[in-house]
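Numbering (my numbering), first residue to last: 5 to 292. The structure under discussion appears below in the form of structure tokens.
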Amino acid sequence: MAGLQTIKKSIRSAENLKAIVGTMKAHASANINQFQNAAKASMEYRHVLDLSLYVVLSGEEEVAPPDEVPKGRAVHIVFGSDHGLAGRFNERISAFALEQIPAGEENIVIVIGQQIVQRLQYDFKIYKDFLQPQSTDNISSMVNKLLMQIDELRETMPVEKILLYYNKPRDNTIFVEDTELLFPIDLAELSRNRVAWESKGLPTYFAERQEIISDLIRQYFFITLYRAFCYSLASENASRLMSMQSAEKNVDKQLEELNFLFRRERQNNITEELNDIVSGFRAARKSK
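Below is the structure:
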């Protein structure tokens, strides 16, 4: 009976684990939709910015080509996760960042998510690390904190460029590693982009042209970082969903084996009890 009790306990543990895995699957699935919808909304907002810049940059005054960016530090922002159980999500983006970021003292590495701090800290000195927001409601505040950190860096030292490294959703492979240049922005190049305008005439504006451009560029920084957070979080949850699906299969297999062992052990116990009864009956008959 001790064997049966042990197997029963293992079955209960496996069933509890399956319930937890099921909850995590549902949570990850809901999060994927949440962050993908937020990323889609950010792309629509980016289109509005493109239209706005097109209006401002299409004026009679030509946009001067960008001044040569002075030599300075390179800022690398790497997006990971705070929580584990996400498959190879953190491993892959860490390896990608290690391949892309050149070794040298001029690098400033900022990390989003505690899971990749330990993966990068042996190769780079981590300048700053931030927690990864867990809902779309918290992304905006985290973007503002990151922008404040970037402003502080640019005020205290020359910054030549800012690059982002994050996992991006991809249907056929769950996600793919990607890098994006946040700074500098080439306004001359943006002014040459053709935008399909629906009406015959362009809107007018009354504020100072340079002031509008500065505000729009600030919004470009914001929405680019916001989208990077959304892509990374959607990829994290897609990877976690796949891990939970694999874990669920393993738990189901374990439950099947445990239930088989339970039935076999119970049958063995029943057989032993029947044998004891038969043996006792035979012994009683012989004693008569």
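The beta-carbon is built from N, C-alpha and C at its ideal position, and this holds for glycine as well.
Would you kindly report the start and end of the unbroken beta strand (DSSP E) that includes residue i?
| i | result |
| --- | --- |
| R77 | R77 to F83 |
| F134 | I130 to F134 |
| L168 | V163 to R174 |
| L186 | I178 to F187 |
| I120 | Unbroken run through I120: none, as it is neither H nor E. |
Residue i lies in the alpha helix (DSSP H); which residues open and close that run?
| i | result |
| --- | --- |
| E156 | T140 to T160 |
| I97 | F93 to Q104 |
| L89 | Note, L89: premise wrong, no alpha helix (DSSP H); not H, not E. |
Output needed for residue i: all residues of its chain with C-beta closer than 7 Å, excluding positions within five of it in sequence on either side, in chain order.
| i | result |
| --- | --- |
| F93 | S85, N171, S239, E240 and S243 |
| L185 | K165 and L167 |
| D127 | L102 |
| V121 | V115, I130 and D133 |
| E269 | G7, L8 and I11 |
| L206 | V59 and S62 |
| R123 | N94 and S98 |
| Y49 | I227 |
Write down the C-beta distance between residue i and residue j rounded to the nearest angstrom, noting that I regard them as a contact closer than 8 Å.
| i | j | result |
| --- | --- | --- |
| F179 | F83 | Not really, about 11 Å apart at Cβ, beyond 8 Å. |
| A101 | Y169 | 5 Å |
| L157 | F226 | So it is not a contact: roughly 16 Å between Cβ atoms. |
| Q249 | K29 | 7 Å |
| S247 | G117 | Going by Cβ atoms, the distance from S247 to G117 rounds to 16 Å, so no, they are not a contact pair. |
| K22 | V255 | 5 Å |
| L259 | A18 | 5 Å |
| L220 | S46 | 15 Å between Cβ atoms; not a contact. |
| V79 | I112 | 5 Å |
Sorted by chain position, which residues of the same chain lie with C-beta nearer than 8 Å to residue i's C-beta, five sequence neighbours on each side aside?
| i | result |
| --- | --- |
| Y209 | V59, V60 and I216 |
| M161 | G76 and R77 |
| I24 | none |
| L262 | I11, S14, I15 and A18 |
Just to confirm my understanding: we take residue i, look at its own chain, exclude 5 residues before and 5 after, and list those with CB closer than 6 Å. What are they?
| i | result |
| --- | --- |
| F266 | I11 |
| L237 | F39 |
| G114 | Per the sequence shown, the amino acid found at residue 114 is Ile instead of Gly. Correct list, in chain order: I81, Y131 and K132. |
| A35 | The sequence given here has Asn at residue 35, not Ala. Closer than 6 Å at the Cβ level, and outside the excluded window around N35, lie N241. |
| Q223 | L53 |
Any contact of the region 95–108 with the region 42–61, i.e. 3+ C-beta pairs under 8 Å? Touching, no, given that fewer than three Cβ pairs across the two stretches are closer than 8 Å.
Would you call the region 221–231 and the region 146–153 touching, i.e. three or more CB-CB distances under 8 Å? Contact holds between the region 221–231 and the region 146–153, because three or more Cβ pairs, one in each stretch, are under 8 Å apart.
Contiguous alpha helix (DSSP H) assignments of at least 4 residues, all confined to the region 227–256: The region 227–256 contains no complete alpha helix (DSSP H) run of 4 or more residues.
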